[in-house]
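Okay, structure first, notes after.
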Amino acid sequence: MRPCPPPPVPAATSVPSPCIGICQIDPRTGWCAGCWRTLDEIAGWSTADDAHKRAVWALLPGRCAEAGGDPSLFLPDGAA
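All letters in the sequence shown, in the order written, are residues 1 to 80 by full-length UniProt numbering.
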């Protein structure tokens with residue numbers, strides 16, 4: 001009898017992805033129109049440590065505002 005595969009390893013991080021399912025890179029800025037990350041940031045998200053993920057999150061409101069979006073979307077619920 002073959003051994004069962006090990007159970008999936010739970011995610012090693014608690015910092016969520018900013019992805020909202022609108023995956024379209026703006027050729028002018030190089031940022032995703034949905035989450036405001038670069039392709040390198042998106043590709044490396046699953047292997048990035050929490051500190052790096054928090055650093056990327058900190059950049060997103062400024063990128064959003066610079067691109068003409070509403071950076072208040074990045075505020076925690078009730079912080080407006």
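Every residue, glycine too, gets a C-beta built ideally from N, C-alpha and C.
Check	Outcome
CA-to-CA distance, TRP31 to ARG37, given in whole angstroms	5 Å
Assigned secondary structure, THR47 (DSSP; H/G/I helix, E/B strand, else coil)	helix
Reduced DSSP category for CYS23 - H, G, I as helix; E, B as strand; rest coil	coil
Counted within 10 angstroms of its Cβ, other Cβ atoms place GLU66 as buried (16 or more) or exposed	exposed
Assigned exposure category for ARG63 - 16 Cβ within 10 Å defines buried	buried
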